[in-house]
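K.L.:
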């Protein structure tokens with residue numbers, strides 16, 4: 001019994017590193033991004049352990065561990081979308097990490113023409129890439145923020161003319177560029193195009209710093225939508241902390257919480273969801289879909305939300 005409990009405690013470390021204070025430590029900060037897949041593997045391990053009579057106590061405990069995790073994550077795919085409430089207006093937001101210009105600009109433009117998003121967040125799009133996409137569209141203005149020479153630090157937005165005379169500016173200081181869109185026909189609503197630093201083994205502190213800035217957007221009063229490549233999943237405790245109680249992610253709110261967006265060159269079961277559209281609680285999630293784009297390792301995201309009319 002003692003050995004079984006000890007074994008389960010060890011198995012739980014990569015699945016729930018936040019319980020051990022290890023969620024910001026390499027390699028656990030990276031492994032936990034794939035917790036749903038880990039739960040499946042752990043449950044399969046429990047079934048295999050049943051073969052050996054002396055391992056059955058440990059097998060039962062491991063199975064319970066996996067089932068508890070499944071119970072906590074399944075709501076991401078069981079939440080049903082609801083029709084837009086009365087006295088709301090519908091907005092469509094698109095996110096496409098273009099991999100520093102590696103993505104096929106024509107494919108990105110075609111997706112925009114097909115779905116007509118009000119705002120397009122383009123992580124890793126420098127001015128030339130943004131303009132290559134915009135040149136193939138009608139009725140979109142483009143803006144870019146690039147705080148360093150690094151290509152990945154560039155974040156661009158394309159804004160539909162239907163939003164009116166908006167103002168665009170860089171807001172809170174983050175490792176990569178971010179752009180806040182306000183005014184025009186948005187009223188009190190703020191739209192933020194965001195790209196968070198990745199939790200690379202040597203770069204967990206800047207990743208955590210960027211999520212701290214995200215928390216500030218979620219905690220402030222104006223209704224806010226933040227869209228981009230967050231390099232974080234719902235299984236990261238820091239990401240959940242950043243959303244606090246005032247932001248929710250559109251995907252799990254409408255049953256799309258297991259639609260992985262990266263890496264796109266892997267089978268769907270081997271992907272994780274790091275591209276998100278977040279919204280403060282007064283904004284109602286409606287739909288969430290992913291789309292393949294040639295030349296990038298991310299799937300594009302298109303989300304629809306209902307915003308209360310003012």
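Residue numbers (full-length UniProt numbering): 1 to 310.
Ideal placement from N, C-alpha and C gives every residue a C-beta, glycine not left out.
Here the structure is a predicted model, which means the values were calculated and not measured.
#1: Can you tell me the Cβ-Cβ gap for residue 251 and residue 288, rounded? I've got them flagged as a contact below 8 Å.
#2: Work out the CA separation of residue 279 and residue 174 for me, nearest whole Å.
#3: Note down, in chain order, each residue of its chain lying with its Cβ closer than 6 Å to the Cβ of residue 38, except the 5 sequence neighbours on either side.
#4: If you draw a straight line from the alpha carbon of residue 153 to that of residue 146, how long is it in whole angstroms?
#5: From 90, 138, 126, pick the residue whose C-alpha is nearest to that of residue 342; which is it?
#6: Does residue 109 come out as helix, strand or coil in the three-state DSSP assignment?
#7: Could you tell me the distance, in whole angstroms, from the CA atom of residue 133 to the CA atom of residue 105?
#8: When you compare each of 286, 207, 183, 302 to residue 292 by their alpha carbons, which one comes out closest?
#9: Quick one: what's got a C-beta closer than 7 Å to residue 258's C-beta in the same chain, skipping five residues either side?
#10: Nearest to residue 114 by alpha carbon, out of 138, 220, 87?
#11: Can you give me the C-alpha to C-alpha distance between residue 20 and residue 206, rounded to a whole angstrom?
#12: Say whether the stretch 239–250 touches the stretch 45–62, bearing in mind that this needs 3 or more beta-carbon pairs closer than 8 Å, one atom from each stretch.
#13: By the DSSP assignment, the beta strand (DSSP E) with residue 160 in it spans what residues?
#14: What does a CB cutoff of less than 8 Å around residue 216 pick up in its chain, not counting 5 residues either side in sequence?
#15: What is the rounded straight-line gap between the Cα of residue 69 and the Cα of residue 43?
P.N.:
Based on what the coordinates show:
#1: As a first step, residue 251 must be located in the chain shown, where it is residue number 251. As a first step, residue 288 must be located in the chain shown, where it is residue number 288. About 4 Å separates the two Cβ atoms, so the contact holds.
#2: Counting from 1 along the chain shown, the entry for residue 174 is found at position 174. Counting from 1 along the chain shown, the entry for residue 279 is found at position 279. Each residue's alpha carbon lies about 19 Å from the other.
#3: Within the chain shown, numbered from 1, the residue matching residue 38 stands at position 38. Cβ neighbours of residue 38 beyond the five flanking positions: 15.
#4: For the purposes of this step, residue 153 is identified with residue 153 of the chain shown, where counting begins at 1. For the purposes of this step, residue 146 is identified with residue 146 of the chain shown, where counting begins at 1. Computed Cα separation, rounded: 6 Å.
#5: Beyond the ends of the chain as shown, which are 1 and 310, falls residue 342; an answer cannot be given.
#6: Against the chain shown, residue 109 aligns to sequence position 109. Helix, per DSSP.
#7: Stepping through the chain shown from its first residue, residue 133 is reached at position 133. Stepping through the chain shown from its first residue, residue 105 is reached at position 105. Looking at the two C-alpha atoms, the distance is approximately 5 Å.
#8: Locating residue 292 in the chain shown gives position 292, counting from the first residue. Nearest option by C-alpha distance: 302.
#9: Residue numbering aside, residue 258 sits at position 258 when the chain shown is read from its first letter. Answer for residue 258: 36, 76, 77, listed in chain order.
#10: Taking the first residue of the chain shown as 1, we reach residue 114 at position 114. Checked all of 138, 220, 87; the closest Cα to residue 114 is 138.
#11: Along the chain shown, read from residue 1 onward, the residue named residue 20 stands at position 20. Along the chain shown, read from residue 1 onward, the residue named residue 206 stands at position 206. Each residue's Cα considered, the two are about 21 Å apart.
#12: no
#13: Mapped onto the chain shown, residue 160 falls at position 160. 155–160 is the extent of the beta strand (DSSP E) around residue 160.
#14: Taking the first residue of the chain shown as 1, we reach residue 216 at position 216. Answer for residue 216: 172, listed in chain order.
#15: Residue 69 sits at position 69 when you count from the first residue of the chain shown. Residue 43 sits at position 43 when you count from the first residue of the chain shown. Distance between residue 69 and residue 43, taken at the CA atoms: about 10 Å.
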